[in-house]
Every structure is written in C-alpha cells, then in structure tokens.
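Numbering (my numbering), first residue to last: 11 to 239. First the structure, in the form of structure tokens, and then the observations on it.
In structure tokens:
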C-alpha cells in the first residue's frame, strides 16, 4: 500500500486520492481497511499533513502543496489479523527544518526498535526514543502511543514513546506490537482539531509540524522483526 502511495504522491494531489489508492489495493488482495468506520472514522487511511499529528481524514479539499510533509497511516485486516504501518512523505522540496524532523522521526523509530530486546520493558523503548528526540529539542507526544496488535486493532501493551528504563510491561518472545513515535518540532502537547466534525484529527499544541513513522513488530528470541513494509 505505502509503496503504491510513494509511486503516486505529488503536489496537486488531494488526500482522497490517497485513500482510494489504499482502499483499492487492500481490497483487491482480499484484505479489509481496518480504519474504515472504526469508531466513526469515515475513511480507509489516515493522511496527516504538517501540524496534523495523526488521524487526519482524507478530503477532496486537502490538496498537497510543494513543501508539505504528510504521514500516511494504513491498517489492514487479513485472515482475521491486523497489521499497522505508516510512512512520511515529503512533497517536492521542503525546508531543512522539516527535512530534519522527518529524518529524526525515522531515527526514533529505528532506535526504539533497537532497544526492543526479549525480556526488556516498554519503558526501555520509550526512554531510547525520547533521549534521541531531546537532542533536537523535539517533543514526543505523550497522549498517544503504540500498542499491541493481532486479533484486535488495539491490544496490550501500550507502547509509550517516552519514560524510564525498567518500567511498563515486560516484552517476551511472541508478542506483536507497534512502535510509532509522534515527534513534534515544538511542544509535545496536542489537541483535537475543533473544526473536525468527526473528532479525530490531532493537531500540535503550537501548530508546528509533526512527523511519525510506524511498523508492526514481533518479538523474537533475538529482538524484533518487522512485519510491515
């Protein structure tokens, strides 16, 4: 799905077109878009532009512009199992500040995955992510987190992206979960967009840009393996 988006995404495209790409490919493979009608979410994919942290709703009027950064987040249900992933895209040429934010957000994801060892704690992952983000004075969103995933969209544990080593749930081989740090250029605080009739879109507290990458992982005896590409 996200590879198909990468091949098509461009300035002048609206986010409803992204939704159609993901829906068509997903359903053509016999899978179901998990977001569609989930607790009132009206579309198949989340498209979060610039200061929208997550849960952006695709709209015909949301047209991508040169310099935008956008997170595309898609969850599938296949043979009864859920898998969740998201990726950042830079539209054309953007500012060095936005480029750095996107890069550091990906580094935070990778550093979190490196910290995820068998019999580690959730806090070990969050601590590693937050430590890296703080080098750039970025804020890690605290009100939203990664999660267990499998037969349900959201399962235990809550995988927070900040905190202290040795805290939270113990992670053992066989567990499946997402890591999905939301990295804000400014404050970690967020709010629900008052203009969103569905009550889903999350905006940075200072309306500075945000970036997020996400994978679904399985814990093995040697560390985590990525289940989503």
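Backbone N, C-alpha and C define an ideal beta-carbon position, used for all residues, glycine too. Computed from a predicted model, the values in this text were never measured in an experiment.
Can you tell me whether DSSP reads residue i as helix, strand or coil?
i: residue 205; result: coil
i: residue 119; result: helix
i: residue 197; result: coil
i: residue 10; result: Because the chain spans 11 through 239 in this model, residue 10 falls outside it and cannot be assessed.
i: residue 227; result: strand
i: residue 239; result: coil
i: residue 169; result: strand
i: residue 181; result: strand
i: residue 113; result: helix
i: residue 149; result: strand
i: residue 233; result: strand
i: residue 41; result: coil
i: residue 125; result: helix
Ignore the nearest five residues each way along the sequence and tell me which others in residue i's own chain have a CB closer than 8 Å to its CB.
i: residue 41; result: 86, 87, 88
i: residue 126; result: 134, 135, 181, 189, 227, 229, 233, 234
i: residue 109; result: 100
i: residue 51; result: 45, 65, 67, 208, 210
Express the C-alpha separation of residue j and residue i in angstroms, rounding to a whole number.
i: residue 195; j: residue 231; result: 35 Å
i: residue 93; j: residue 159; result: 7 Å
i: residue 56; j: residue 74; result: 14 Å
i: residue 15; j: residue 39; result: 16 Å
i: residue 131; j: residue 124; result: 13 Å
i: residue 197; j: residue 146; result: 12 Å
i: residue 128; j: residue 164; result: 21 Å
i: residue 95; j: residue 215; result: 24 Å
i: residue 79; j: residue 17; result: 16 Å
i: residue 142; j: residue 27; result: 35 Å
i: residue 177; j: residue 161; result: 26 Å
i: residue 91; j: residue 21; result: 34 Å
i: residue 58; j: residue 175; result: 30 Å
i: residue 46; j: residue 220; result: 24 Å
i: residue 144; j: residue 236; result: 25 Å
i: residue 19; j: residue 179; result: 38 Å
i: residue 107; j: residue 224; result: 21 Å
i: residue 23; j: residue 98; result: 16 Å
i: residue 148; j: residue 43; result: 32 Å
Is residue j closer than 8 Å to residue i when the C-beta atoms are compared?
i: residue 49; j: residue 218; result: no
i: residue 150; j: residue 171; result: yes
i: residue 72; j: residue 105; result: no
i: residue 100; j: residue 112; result: yes
i: residue 53; j: residue 34; result: no
i: residue 67; j: residue 239; result: no
i: residue 248; j: residue 64; result: The displayed coordinates of the chain run from 11 to 239. Any statement about residue 248 would go beyond what the structure contains.
i: residue 82; j: residue 153; result: no
i: residue 70; j: residue 102; result: no
On the DSSP letters alone, give me the boundaries of the alpha helix (DSSP H) that residue i sits inside.
i: residue 38; result: 25–38
i: residue 16; result: 12–18
Counting along the chain, where does the beta strand (DSSP E) carrying residue i start and finish?
i: residue 158; result: 156–158
i: residue 213; result: 212–214
i: residue 139; result: Careful: residue 139 lies outside any beta strand (DSSP E), inside the alpha helix (DSSP H) at 132–144.
i: residue 21; result: Residue 21 -> no beta strand (DSSP E), and no H or E assigned at all.
i: residue 105; result: Residue 105 -> no beta strand (DSSP E), and no H or E assigned at all.
i: residue 67; result: Counting along the chain, residue 67 falls outside any beta strand (DSSP E), and DSSP gives it neither H nor E.
i: residue 221; result: 220–222
i: residue 56; result: 56–59
i: residue 187; result: 186–189
With a threshold of 7 Å on Cβ separation, who are the neighbours of residue i within its own chain once the five nearest residues in sequence on each side are excluded?
i: residue 187; result: 156, 157, 158, 159, 167, 169, 227
i: residue 191; result: 115, 118, 119, 122, 139, 150, 171, 222
i: residue 184; result: 229
i: residue 11; result: 32, 35, 36, 84
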